[in-house]
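For the sequence shown, the tail end lands on 329 under our numbering, and the numbers increase by one without skipping.
C-beta atoms are modelled at their ideal positions from N, C-alpha and C, and glycine is treated no differently.
In this text the structure is predicted, and so the values were computed from the model without any measurement.
Working notes, beginning with the structure itself.
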Amino acid sequence: MRFRTTCATTLLSLALLWQGLAAPAHAAGAAFEEALALLAGMEEAWSAVDDYTKLVDKSERLVNGDVTEQTVFVKFRQPEQYYMTVLEGPNKGGELIFPAREGSELAVAHAGGFKGGLARFLQATVILRKVVPTEFRLDDPMLGEWQHQTATDASIGATIDRIASNVRRAVDNGEGEIRVEEDCDAANACLLRLDFSFPTGVGDTHEVVAGESLWSIAESHGRPMYVVWYANPDVRGPRKLKTGQRLFIPRYYSARGSVWVAPDSLLPARIEIFDAQDQLYERYVYRDVRLNVGLTDLDFDPENPDYRF
Numbered sequence: 021m022r023f024r025t026t027c028a029t030t031l032l033s034l035a036l037l038w039q040g041l042a043a044p045a046h047a048a049g050a051a052f053e054e055a056l057a058l059l060a061g062m063e064e065a066w067s068a069v070d071d072y073t074k075l076v077d078k079s080e081r082l083v084n085g086d087v088t089e090q091t092v093f094v095k096f097r098q099p100e101q102y103y104m105t106v107l108e109g110p111n112k113g114g115e116l117i118f119p120a121r122e123g124s125e126l127a128v129a130h131a132g133g134f135k136g137g138l139a140r141f142l143q144a145t146v147i148l149r150k151v152v153p154t155e156f157r158l159d160d161p162m163l164g165e166w167q168h169q170t171a172t173d174a175s176i177g178a179t180i181d182r183i184a185s186n187v188r189r190a191v192d193n194g195e196g197e198i199r200v201e202e203d204c205d206a207a208n209a210c211l212l213r214l215d216f217s218f219p220t221g222v223g224d225t226h227e228v229v230a231g232e233s234l235w236s237i238a239e240s241h242g243r244p245m246y247v248v249w250y251a252n253p254d255v256r257g258p259r260k261l262k263t264g265q266r267l268f269i270p271r272y273y274s275a276r277g278s279v280w281v282a283p284d285s286l287l288p289a290r291i292e293i294f295d296a297q298d299q300l301y302e303r304y305v306y307r308d309v310r311l312n313v314g315l316t317d318l319d320f321d322p323e324n325p326d327y328r329f
């Protein structure tokens, strides 16, 4: 397969044509050029995706040190429609659709297990229907505070954006290390692997003012909420801040990580991210990825008879 042996050169040409510019002069040589080229190829590949389904095996380290593991089935359709259900792990059987309806900024969701069954029973009781909510903001404590990404941050496109923004930030600041190489298993099945490491002590300091939360602060700095919380483990919760409290806003998503990219689709197949203590922060493995399958409105409708809303 010629692509495997010439991927850096081919992708670099693609990147320069697509972006209309060359890699910055202060980038750390060919390694950064190859990474920028690969990322440009991934972004172009993503632009051709209208919808997809996938299984995700996910492992995430929480602020308190606990590690959660789940298998999640996902449907996605452009521009930003999501259906997710937990197949294994905490909240097994839980489901989410975003948006709840066209133009809404809310998700419709229910928990898995006994809690989810009880909620559905109470929602079916007319007198209690308004007491038991079914629609939530993505940053609602029931949805977004105990996982690394909200639904809209977990798509393939958002993942590519997150990786690309960190690599380009490192290029702009002339720091970090990066490389792209081929990674083959015993059966000679090969993926492209993008390895990166960034300095951990660099970033900004934010002084909390009244009315702010970790959600609003992270958004104002262009960072994921959980990255900010993880960097400030003394914070008891995203909304439990004190006026005048000083928070560290890390410049980068992580200390180091690797992204395995399928050479046929140029989309990520596996991601491993490590924190400043070199502990696994998160791992995502994408399985059974099916692109442009022709998903319909019914796939994102809570009334779908295959769903349990």
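State the Cα-Cα distance for the pair residue i and residue j, rounded to the nearest angstrom.
i, j, result
"alanine 55", "lysine 78", "25 Å"
"glutamate 63", "arginine 97", "17 Å"
"arginine 81", "valine 128", "26 Å"
"leucine 58", "isoleucine 198", "12 Å"
"proline 119", "threonine 170", "12 Å"
"tryptophan 235", "isoleucine 117", "21 Å"
"tyrosine 304", "arginine 266", "32 Å"
"alanine 184", "glycine 109", "30 Å"
"glycine 242", "arginine 256", "22 Å"
"leucine 126", "threonine 154", "10 Å"
"alanine 51", "asparagine 208", "24 Å"
Where does residue i fall in DSSP's three states?
i, result
"tyrosine 272", "coil"
"arginine 266", "strand"
"phenylalanine 320", "helix"
"tyrosine 306", "strand"
"leucine 56", "helix"
"aspartate 326", "coil"
"glutamate 195", "coil"
"proline 288", "strand"
"histidine 46", "Note that histidine 46 scores a pLDDT of 40, beneath 50, so its modelled location is shaky and nothing firm can be said."
Relative to the C-alpha of residue i, which residue among the options is closest?
i, options, result
"glycine 177", "Ala50, Glu89, Pro99 and Thr263", "Pro99"
"threonine 105", "Leu311, Asn84 and Val76", "Val76"
"proline 219", "Ser67, Arg328 and Gln297", "Gln297"
"arginine 259", "Ser278, Arg213, Phe216 and Asp159", "Asp159"
Within its chain, find whatever has a CB closer than 6 Å to the CB of residue i; leave out the 5 residues flanking it on each side and keep chain order.
i, result
"valine 69", "Leu311"
"arginine 290", "Trp280 and Val305"
Which residues in the same chain have their Cβ closer than 7 Å to the Cβ of residue i, if we skip the five residues on either side of it in sequence?
i, result
"tyrosine 301", "Arg81, Ser274, Ile293, Phe294 and Asp295"
"tyrosine 327", "Glu115"
"glutamate 232", "Leu261"
Assuming residue i and residue j form a contact by the criterion Cβ under 8 Å, report the distance between their Cβ atoms to the nearest whole angstrom.
i, j, result
"valine 309", "lysine 95", "That belief does not hold up - the Cβ atoms of valine 309 and lysine 95 are roughly 12 Å apart, past 8 Å."
"leucine 214", "valine 200", "5 Å"
"arginine 189", "arginine 276", "Incorrect: roughly 15 Å between the Cβ atoms, too far for contact."
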